[in-house]
Every structure is written in structure tokens, then in C-alpha cells.
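The sequence shown maps to residues 414 to 780 in our numbering.
We put the CB at the ideal spot given by N, CA and C, even for glycine.
One structure is given below, encoded as C-alpha cells.
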Amino acid sequence: MNTAKRQVAVMGLAMSAVLGVAACGSDNTAAPSSTAGTATGAISCATGSITASGSTAQKNAMDEWVKKYQIACPGSSINYQGVGSSAGKQAFVDGKIDFAGSDSAISGDQATNAAKRCTGGQIVDLPMVAGPVAVIYNLSGVKDLQLSASTLAKIYSAAITKWNDPAIAADNPGVTLPSSPIVPVHRSDGSGTTDNFTKFLDGAAKSDWTFGSGSDWKAPSGQGSKGSDGVTSTVKSTAGAIGYVELSFAENANLSTAKIKNGAGEYVAVSTEATSKGVSTAKVASGNDLKLTFDYAATTPGAYPIYLVTYEITCTKGLAASQATLVKSFLTYTSSTGGQAAIADLGYAPLPTDLAAKVSSVVATIS
Numbered sequence: 414m415n416t417a418k419r420q421v422a423v424m425g426l427a428m429s430a431v432l433g434v435a436a437c438g439s440d441n442t443a444a445p446s447s448t449a450g451t452a453t454g455a456i457s458c459a460t461g462s463i464t465a466s467g468s469t470a471q472k473n474a475m476d477e478w479v480k481k482y483q484i485a486c487p488g489s490s491i492n493y494q495g496v497g498s499s500a501g502k503q504a505f506v507d508g509k510i511d512f513a514g515s516d517s518a519i520s521g522d523q524a525t526n527a528a529k530r531c532t533g534g535q536i537v538d539l540p541m542v543a544g545p546v547a548v549i550y551n552l553s554g555v556k557d558l559q560l561s562a563s564t565l566a567k568i569y570s571a572a573i574t575k576w577n578d579p580a581i582a583a584d585n586p587g588v589t590l591p592s593s594p595i596v597p598v599h600r601s602d603g604s605g606t607t608d609n610f611t612k613f614l615d616g617a618a619k620s621d622w623t624f625g626s627g628s629d630w631k632a633p634s635g636q637g638s639k640g641s642d643g644v645t646s647t648v649k650s651t652a653g654a655i656g657y658v659e660l661s662f663a664e665n666a667n668l669s670t671a672k673i674k675n676g677a678g679e680y681v682a683v684s685t686e687a688t689s690k691g692v693s694t695a696k697v698a699s700g701n702d703l704k705l706t707f708d709y710a711a712t713t714p715g716a717y718p719i720y721l722v723t724y725e726i727t728c729t730k731g732l733a734a735s736q737a738t739l740v741k742s743f744l745t746y747t748s749s750t751g752g753q754a755a756i757a758d759l760g761y762a763p764l765p766t767d768l769a770a771k772v773s774s775v776v777a778t779i780s
């Protein structure tokens with residue numbers, strides 16, 4: 414049994430008690446519930462209808478979760494639209510949806526305004542979906558490319574423009590690199606993937622990356638493409654290109670991915686297992702609002718250092734009774750061992766055991 418599978422199994426023990434509580438009772442009886450067996454474990458069903466929107470990074474995970482939940486729970490309807498993290502958060506603020514998916518925690522005025530919906534409760538960020546950000550490249554004759562954070566930052570800030578630059582050569586001893594130009598490709602639209610990629614550059618190579626972080630691309634160099642599918646398409650069709658996308662896009666396009674140097678000095682290949690190790694180094698905020706602070710200098714062996722975590726943003730209290738019941742039931746499933754295992758083959762990393770337990774304990778307070 415490999416490490417990722419062991420992790421899912423251990424997580425199952427941690428989640429079983431939480432699921433048992435969720436299945437056995439709730440102080441909200443606005444919608445009936447029952448327990449249905451599925452291939453991914455027991456679900457404490459609720460009926461009714463809820464809507465949600467936001468992150469495109471978790472869209473495939475949500476589609477899988479919704480399909481399995483609705484099969485197990487007739488009478489439930491869950492509609493999730495991948496419209497982008499920023500749009501999802503605003504839709505929640507505006508009262509149009511019951512939870513939002515976002516690749517960054519809600520903050521500032523949006524958090525203040527969203528909290529107004531949570532009468533008697535609080536707005537919470539619930540880490541639910543973890544996944545690696547893969548660095549894809551199109552470079553004929555070069556396999557197993559290795560890049561440090563410093564080198565990657567210099568590429569994306571145009572301090573390095575040729576593939577045979579000494580810094581790239583130092584990351585790849587013994588490898589013959591072409592003298593061809595590098596074409597760095599970035600997102601042209603506001604993106605949680607960009608936010609997390611630039612957070613890595615800012616956190617791990619601050620002296621070489623002076624553009625900070627954020628959902629919008631701030632560096633003046635590079636070529637923009639819309640969406641992760643656009644970045645993937647541009648890299649695939651452009652010799653010498655490099656880009657950043659969620660792992661599933663890289664795999665579906667059969668593109669090469671670079672090994673990235675972590676805080677332990679190891680060049681680590683992108684994988685869900687290595688990403689779980691990376692996410693495990695994050696610091697979790699105290700209380701019910703589980704915002705994460707990533708440690709890009711962490712020295713955990715085998716940890717892949719570029720990743721994103723998508724939050725489900727909702728209220729512990731303040732939603733309409735029937736919506737709260739279904740939100741609680743659905744998010745109990747998604748944070749469980751069965752829910753996390755259901756998306757393991759889609760390029761997502763299982764939440765670390767301790768973090769998954771914290772998420773489930775907060776979901777249990779929704780009423």
C-alpha cells in the first residue's frame with residue numbers, strides 16, 4: 414500500500430466518528446435525512462436544493478461529489494457552477510448562493526459583508542480540495558526538467574530568457590539544454606491558480622520576485638492565455654513554452670512537468686501524494702475559520718511545494734433552514750474519507766488527516 418492510500422485509510426478512522434455524529438442527529442429538522450450506502454461510504458442524506466459557485470480548480474471534484482451524493486440521496490439537488498473564485502465570493506456576499514468555492518480565503522470588505530448573512534453564527538473558510546500546481550513545459554529532447562524557486566522566478570520576471578541560462582543549467586547538471594528562447598505563459602484572467610503560483614514565488618524566492626502575489630498577473634513579461642485550458646493549449650502548441658496549471662490539465666494534455674526544488678533542497682516531481690505532504694506544513698488558524706498560512710520554506714522531505722487549497726465559504730448559522738441542512742450534509746460527505754477518496758483519481762490530493770478532522774468538526778456546527 415503506497416503512502417497516499419495509507420493516508421486515506423488513516424483519515425477514514427479519523428472521520429468515522431464525525432460521520433457517525435452527523436448521521437445520528439441534527440438540531441435542524443427542516444429537511445428529512447436518511448443514511449444511504451455508496452461505494453465511497455455512508456452519507457447522511459438531506460433533501461432540498463442548494464446552489465454554489467466559484468473556483469474552477471475544484472469543478473471536477475464538485476462534479477464527482479454532486480453525482481455521488483445525488484445518486485445516494487434522491488430528493489437532493491446541488492448545483493455548482495465554476496465561474497471563478499472572485500465571482501463565487503461575490504455571489505455569496507450578494508446572497509445568491511449557499512456556499513462559495515474559492516482558491517483563497519475570503520477577506521477584507523467581502524468578508525465583512527459576507528458575515529452579515531451569518532446571523533447568530535460566523536462566516537467560515539473550510540479547506541476542502543487540495544491539489545498541486547504543475548509547471549508544464551514544451552522543450553524537445555529535455556525530460557525531467559528541474560527548477561528551483563529562484564530560477565522559476567527569474568524566468569517569469571524575464572531575468573532569464575534562454576533555456577541554456579547558467580541558472581537552469583545549475584538546476585540540471587549533465588543535461589544538454591538548447592539555446593532557444595523561453596516563452597513564459599501565464600493566466601490573462603483573474604485566477605486563484607495565479608494567486609497561489611505567485612504566492613509560492615513571493616514566499617520562496619522573494620529576492621528574485623518583486624511583484625508580490627494576487628489573482629491578477631502583475632509582472633510585465635510573459636504571454637497571457639485565458640483559463641488553465643488556454644495556458645495548457647498555448648504551452649502545448651509553442652516550442653520553448655513554460656506555464657502553470659492544475660495537474661489534471663497537464664495529464665490530460667500529456668505535457669511534461671518540471672520537478673520543483675523544495676525547502677529541504679530536493680527536486681520533487683508533482684504528484685498528489687507529494688502535495689499532501691506540502692499541505693501538511695500549512696498553519697491552520699485557530700477557531701472555526703480555518704484559513705491556512707503556507708510555509709514555502711518548510712523542510713519536509715518529499716513535499717511538493719506549489720499547491721493550492723480551495724475553500725468552501727459558508728455560514729455556521731444564518732442560511733435558510735432547509736439550505737443549511739443540505740449544506741451541512743453535503744460538506745460532511747465531501748470532507749469525509751469517502752468524499753476525499755472519491756476525487757483521488759482526478760488529480761486532487763487528500764487533505765492531511767488532522768486538517769480533514771478540523772474541517773469536519775466545523776461542518777458539524779452548521780445549523
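Segment limits, beta strand (DSSP E) that includes residue i
i	result
residue 550	536-550
residue 757	That residue, residue 757, is in no beta strand (DSSP E); it is neither H nor E in DSSP.
residue 744	That residue, residue 744, is in no beta strand (DSSP E); its alpha helix (DSSP H) goes 734-747.
residue 532	Counting along the chain, residue 532 falls outside any beta strand (DSSP E), and DSSP gives it neither H nor E.
residue 510	Per DSSP, residue 510 belongs to no beta strand (DSSP E) and is neither H nor E.
residue 726	720-728
Buried versus exposed, by CB contacts within 10 Å (16 or more), residue i
i	result
residue 608	buried
residue 629	exposed
residue 484	exposed
residue 678	exposed
residue 492	exposed
residue 589	exposed
residue 638	buried
residue 540	buried
residue 641	buried
residue 667	exposed
residue 712	exposed
residue 741	buried
residue 564	buried
residue 446	Low per-residue confidence applies at residue 446: pLDDT is 45, beneath 50, and the placement is therefore not dependable enough to give any value.
residue 557	exposed
residue 517	buried
residue 714	exposed
residue 731	buried
residue 574	exposed
C-beta atoms of residue i and residue j nearer than 8 Å
i	j	result
residue 716	residue 690	yes
residue 710	residue 676	yes
residue 634	residue 571	yes
residue 701	residue 778	yes
residue 723	residue 471	yes
residue 685	residue 757	yes
residue 515	residue 605	yes
residue 692	residue 765	yes
residue 680	residue 610	no
residue 533	residue 735	no
residue 501	residue 660	no
residue 466	residue 506	no
residue 481	residue 654	no
residue 524	residue 761	no
residue 559	residue 577	no
residue 469	residue 549	no
residue 772	residue 703	yes
residue 459	residue 738	yes
residue 457	residue 745	yes
residue 752	residue 478	yes
residue 594	residue 569	no
residue 504	residue 663	no
Residue range of the unbroken alpha helix (DSSP H) whose run includes residue i
i	result
residue 772	766-776
residue 656	Per DSSP, residue 656 belongs to no alpha helix (DSSP H); it is in the beta strand (DSSP E), 654-659.
residue 490	It is not in any alpha helix (DSSP H) - residue 490 instead sits in the beta strand (DSSP E) that spans 489-495.
residue 780	It is not in any alpha helix (DSSP H) - residue 780 carries neither H nor E in the DSSP assignment.
residue 525	521-528
residue 498	498-506
Whole-angstrom distance between residue j and residue i, CA atom to CA atom
i	j	result
residue 617	residue 519	23 Å
residue 538	residue 776	10 Å
residue 770	residue 498	24 Å
residue 719	residue 562	10 Å
residue 626	residue 510	28 Å
residue 774	residue 566	38 Å
residue 521	residue 706	17 Å
residue 759	residue 708	25 Å
residue 551	residue 624	25 Å
residue 767	residue 591	45 Å
residue 632	residue 687	29 Å
residue 613	residue 583	21 Å
residue 526	residue 513	14 Å
residue 649	residue 528	43 Å
Below-8 Å beta-carbon distance, residue i vs any chain C residue
i	result
residue 740	No chain C is part of this structure, which consists of one protein chain only.
- request: Within the region 451-481, note down every full beta strand (DSSP E) run reaching 3 residues or more, in order along the chain.
  value: Given a length threshold of 3 residues, each whole run of the beta strand (DSSP E) inside the region 451-481 is given here in chain order: 454-459 and 461-467.
- prompt: Could you give the uninterrupted runs of the alpha helix (DSSP H) lying entirely in the region 603-646, keeping only those of 4 residues or more?
  reply: You should have 605-617.
message: Extract the residue ranges of the alpha helix (DSSP H) inside the region 542-597, only unbroken runs of 4 or more that lie entirely within it.
response: Fully contained in the region 542-597 are the following alpha helix (DSSP H) runs of length 4 or more, in chain order: 562-569 and 579-584.
task: Note down, one range per segment and in chain order, each beta strand (DSSP E) of at least 3 residues found wholly within the region 666-714.
output: Counting only runs that start and end inside the region 666-714, the beta strand (DSSP E) elements of at least 3 residues fall at 672-674.
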